[in-house]
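*Asks:* Could you have a look at this structure, given as structure tokens, before my questions?
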Amino acid sequence: MSIRKKGDKAVGLRIPEGMHAVPTSQARRRLLREGARADEPRDTAFRRIILSIPAGKVSTYGRVAAAAGYPLYHRAVARLLRTDPPDRLPWHRVLGAGGEIKLPADAAKEQRARLKMEGVKFRGKRVDMERFEHVLRAWEAFD
Numbered sequence: 000m001s002i003r004k005k006g007d008k009a010v011g012l013r014i015p016e017g018m019h020a021v022p023t024s025q026a027r028r029r030l031l032r033e034g035a036r037a038d039e040p041r042d043t044a045f046r047r048i049i050l051s052i053p054a055g056k057v058s059t060y061g062r063v064a065a066a067a068g069y070p071l072y073h074r075a076v077a078r079l080l081r082t083d084p085p086d087r088l089p090w091h092r093v094l095g096a097g098g099e100i101k102l103p104a105d106a107a108k109e110q111r112a113r114l115k116m117e118g119v120k121f122r123g124k125r126v127d128m129e130r131f132e133h134v135l136r137a138w139e140a141f142d
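Residues in the sequence shown are numbered from 0 upward in steps of one, following numbering that gives the first Met the number 0.
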């Protein structure tokens, strides 16, 4: 949907009282700032979803964030996995979009080795997502 503007006001778009439209670049910066900070309720939701991924299955940062109720916070999932104690969560089961390992050098080798030990197969550098992607069901993680 495109918004036609007339002067400073958007035409055909109702904005709640006390709020104003925020340019996309500002909204994106705010989202990145919020995702970079720890947020206990959000991080707890991410942990529950990550813990629901069974051995031999994988998911992506974006799908974990969406299943936890924070669809635009894939970077916050990555931050959580970087900052939590190493073996508290099955961090190796969370990948980048399309099944790509996003970690640098030795960490990427370790992630790949852990996934292979669980029986996950690769197509080149990416996990075969058709066979090994876990369908996240948020309602199961929050029982």
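Beta carbons are placed, not taken as given, at the ideal position from N, Cα and C, and that holds for glycine.
#1: Identify every run of the alpha helix (DSSP H) within the stretch 32–113, keeping only runs that are complete inside it and at least 4 residues long; order them along the chain.
#2: Between the Cα of Tyr72 and the Cα atoms of Lys124, Ala37 and Lys101, which residue gives the shortest distance?
#3: According to the neighbour-count rule (16 or more other Cβ atoms, all chains shown, within 10 Å of its Cβ), is Ser51 buried or exposed?
#4: Could you tell me the distance, in whole angstroms, from the CA atom of Met128 to the CA atom of Ala137?
#5: Locate the alpha helix (DSSP H) running through Glu132, then write down its first and last residues.
#6: What does Arg122 pair with, by DSSP beta-bridge criteria?
#7: Would you kindly work out how many angstroms separate the C-alpha atoms of Arg87 and Ile49, rounded to a whole number?
*Replies:* Let me lay it out:
#1: Fully enclosed alpha helix (DSSP H) runs of 4 or longer: 39–50, 60–66 and 73–82.
#2: When C-alpha distances from Tyr72 are compared across Lys124, Ala37 and Lys101, the shortest belongs to Ala37.
#3: Counting other Cβ atoms within 10 Å of its Cβ, Ser51 reaches 16 or more and is therefore classed as buried.
#4: Approximately 19 angstroms, taken between the alpha carbons.
#5: Glu132 -> no alpha helix (DSSP H), and no H or E assigned at all.
#6: Paired residues: Arg125.
#7: The alpha-carbon atoms of Arg87 and Ile49 are separated by roughly 11 angstroms.
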